[in-house]
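Chains as they are written, first to last, in my numbering: chain A, 46 to 279; chain B, 118 to 519.
Every residue, glycine too, gets a C-beta built ideally from N, C-alpha and C.
Keep in mind it's a predicted model, so treat the numbers as computed, not measured.
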């Protein structure tokens, strides 16, 4: 579903070259739930940005659902993002001037889905995250956990092939973080592929597959198979 | 796809900036449409046909301090010597200078005073039979007056019996018949119209006086201070003007020549205030439009800076660059249209007030419509730059913690 071969990302200023990612190889199969961990500045977010086509990569090949991302122009990448990827951001990134219904509607409008179908999907997704009754509320009228659930509803509304979550519980207290994590696990059980960047080792252990990024490379590859205390090296 | 409804809803929830811009657009539309209309009215006023070859005519004043002369004889001598100058078409002593802002007017009537009668106010000029040719205005019917019809006025014992009048005046006095040959009255003095003049503006160009009502009376009545009008061949005016002072002093020394000025310059002095007002209105319009454009530009830039993360998020969720540009253009378009609706109402009300209190003609709807279209086009142009900048915000900004 997602194949990265020798992906590199280099930032260049007049004085220095910085390699954010080097020889990065990753294959993700449909239905996986992957936690990406690593120290600050290791390249986790760069990996997520490249996986989500939010920024271009400098070298290597990236195939998403068999499509060579490196050959797409800006509009094609925008369309592909809209159709295949759902984003969940650390800061929720809800649009403050739009109510919950309108926030969830945003990616559906970009896809040109008709109003009746949009309404059906929005109501279904808000129902799924338990916020259908608050569709007319503005984001600032909700708690952090509720806002993140709206963001998850927005990510799900377009029925994407996989979800990219960037520290989805980073701004939440432990209770709300657990609720959001349970929701993500439920979504994964329902068939969605999820890649989640997190600092939280405990949350990462709940994901069936962990990858660790250190100095822009895939440093460790660990699969927890039911027992969180047993790591299987790759 | 167009996102009018969510943009509209979002504007309603965050409306301070939008309302300020809307008011600015409304004020600009109301003021610019009225100011543009007034400018057009001023331009029509400044460029109205006068009937004169203004660039070939000049005037001067003669202030006589000597007492050892007969003024009427001296005037005839002066006129003859000026007419003899090479390049001069004709010259005449005249009671008032056209387009100068100074002269005489009175009511011309169908019946003598004190009988009740229709009376039309018109400016009048006293001069001799050379007046028509010196002024260079067109005689469209009848004849000029003869030398023997000219009254040389020393003691006011006689008054002219004939006159020349503009067609516009005669049409008002005699709307259903020809004015030529009719008798009109200046006070209780009858004047037979022997000639009809096509176009001939009086000393004033403004408002009521802008109507082309003028009368030429065959009378010479020079005082110590009197005025001459001279028409020259094209291109000869400056050369002739240089010779005037010496010639007049050669004819009679005890006098001063003053205000030797071209008719076009005289008119320019007269309309200087109007020209200044017009320029100020042009500056006002330019500043208003510029400030509004900057307002739109600034508000859009402010909104972009405020919504950087939101724009990045929209891009991450699948918005193309063109969708982002469209978003800001539609948002601005909604504000602009609301402002224009308010502005059009304001323009009509302002126009009515100006008409009531300052005798400005009724504002034409075309000016309002054209101004509204131009303001709309200007607002779109002002928003395009910032909107393109917004579209270039990288979608990766969505994952940054800012």
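Legend entry - Inter-residue Cα distance where the pair is residue 257 of chain A and residue 120 of chain A: 32 Å
Inset, instruction - Just mark residue 509 of chain B as buried or exposed, buried being the case when its beta carbon has 16 or more other beta carbons within 10 Å. - result: exposed
Inset, instruction - May I ask you to report which of helix, strand or coil DSSP gives residue 54 of chain A? - result: It is a strand residue.
Inset, instruction - Measure from the C-beta of residue 470 of chain B to each C-beta in chain A and report whether the shortest distance is under 9 Å. - result: no
Inset, instruction - Answer yes or no: does any C-beta atom of chain B fall closer than 9 Å to that of residue 168 of chain A? - result: no
Legend entry - Residue from B:303, B:296, B:323 with nearest C-alpha to residue 311 of chain B: Ranked by how close their Cα comes to the Cα of residue 311 of chain B, the residues B:303, B:296, B:323 have B:296 in first place.
Legend entry - Nearest to residue 179 of chain B (by Cα), restricted to the options B:438, B:195, B:171: B:195
Legend entry - Three CB pairs or more closer than 8 Å across the region 405 to 422 of chain B and the region 134 to 142 of chain B: yes
Legend entry - Closest residue to residue 104 of chain B among B:479, B:486, B:220 (Cα-Cα distance): A query on residue 104 of chain B cannot be resolved here, the shown segment of chain B reaching from 118 to 519 and no further.
Legend entry - Interface residues of chain A facing residue 418 of chain B [CB-CB closer than 8 Å]: Ordered by position in chain A, no residue passes the 8 Å Cβ test against residue 418 of chain B, which lies about 18 Å from the chain.
Legend entry - Minimum Cβ-Cβ distance from residue 427 of chain B to chain A less than 9 Å: With 9 Å as the cut-off, residue 427 of chain B counts as an interface residue toward chain A.
Legend entry - Below-9 Å beta-carbon distance, residue 140 of chain A vs any chain B residue: yes
Inset, instruction - Report all residues from its chain with a CB closer than 7 Å to the CB of residue 129 of chain B; omit the five preceding and five following residues, and keep chain order. - result: none
Legend entry - Nearest to residue 373 of chain B (by Cα), restricted to the options B:400, B:343, B:123: Across the set B:400, B:343, B:123, the C-alpha of B:343 shows the shortest separation from the C-alpha of residue 373 of chain B.
Inset, instruction - Give the straight-line distance between the Cα atoms of residue 275 of chain A and residue 246 of chain A, rounded to the nearest whole angstrom. - result: Bear in mind that the predicted position of residue 275 of chain A carries a pLDDT of just 40, short of 50, making it unreliable; the figure below should be weighed with that in mind. Their backbone Cα atoms lie some 14 Å apart in a straight line.
Legend entry - Within 7 Å of chain A by C-beta, residues of the region 118 to 130 of chain B in sequence order: 118, 120, 123, 126, 127, 130
Legend entry - Collapsed DSSP secondary structure at residue 107 of chain A in the structure displayed: strand
Inset, instruction - Decide if the region 70 to 89 of chain A is in contact with the region 394 to 406 of chain B; the criterion is three or more beta carbon pairs, one per stretch, under 8 Å apart. - result: no
Legend entry - In DSSP terms, what residue 221 of chain B is bridged to: BP columns for residue 221 of chain B point to B:241.
Legend entry - Proximal chain A residues relative to residue 513 of chain B, where beta-carbon distance stays under 7 Å: 94, 99, 100
Legend entry - Interface residues of the region 427 to 444 of chain B facing chain A [CB-CB below 9 Å]: 427, 429, 430, 431, 432, 433, 434, 435, 436, 437, 438, 439, 440
Legend entry - Sequence-distant residues of the same chain with beta carbon closer than 7 Å to residue 186 of chain B, five excluded per side: 369
Legend entry - Residue range of the alpha helix (DSSP H) that includes residue 503 of chain B: 482 to 508
Inset, instruction - Return the chain-ordered list of same chain residues with a C-beta closer than 7 Å to the C-beta of residue 329 of chain B, the five sequence neighbours on each side being excluded. - result: Counting only Cβ-Cβ distances below 7 Å, and skipping sequence neighbours, we find 283, 285, 316, 317, 318.
Inset, instruction - Go ahead and pull the three-state DSSP assignment for residue 309 of chain B. - result: strand
Legend entry - Cα-Cα separation between residue 93 of chain A and residue 209 of chain A, rounded to whole angstroms: 7 Å
Inset, instruction - Please report the Cβ distance between residue 395 of chain B and residue 156 of chain B, rounded to the nearest whole angstrom; I am assuming they are in contact, meaning their Cβ atoms lie under 8 Å. - result: 5 Å
Inset, instruction - Taking only the alpha-carbon atoms, compute the straight-line gap between residue 123 of chain A and residue 202 of chain A and give it to the nearest angstrom. - result: 17 Å
Inset, instruction - Kindly indicate which three-state DSSP category residue 48 of chain A falls into: helix, strand or coil? - result: The answer is strand: DSSP assigns residue 48 of chain A an E or B state.
Legend entry - 9 Å Cβ cutoff, residue 204 of chain A in contact with chain B: no
Inset, instruction - Would you verify that the beta carbon of residue 517 of chain B is, or is not, closer than 9 Å to some beta carbon of chain A? - result: yes
Inset, instruction - Please determine, among A:187, A:151, A:137, A:228, the residue with the shortest C-alpha to C-alpha distance to residue 173 of chain A. - result: When only C-alpha atoms are compared, the closest one is A:228.
Inset, instruction - Let me know the secondary structure DSSP gives residue 205 of chain A once reduced to three states. - result: coil
Inset, instruction - Could you check if residue 397 of chain B is buried or exposed, using at least 16 other CB atoms within 10 Å of its CB as the buried criterion? - result: exposed
Inset, instruction - Tell me, please, whether the CB atom of residue 211 of chain A is closer than 9 Å to any CB atom in chain B? - result: Yes, residue 211 of chain A lies at the interface with chain B (some Cβ there is under 9 Å from its Cβ).
Inset, instruction - Please indicate yes or no: does the CB of residue 95 of chain A lie closer than 8 Å to some heavy atom of the ligand FMN? - result: This structure lacks the ligand FMN, and indeed carries no ligand of any kind.
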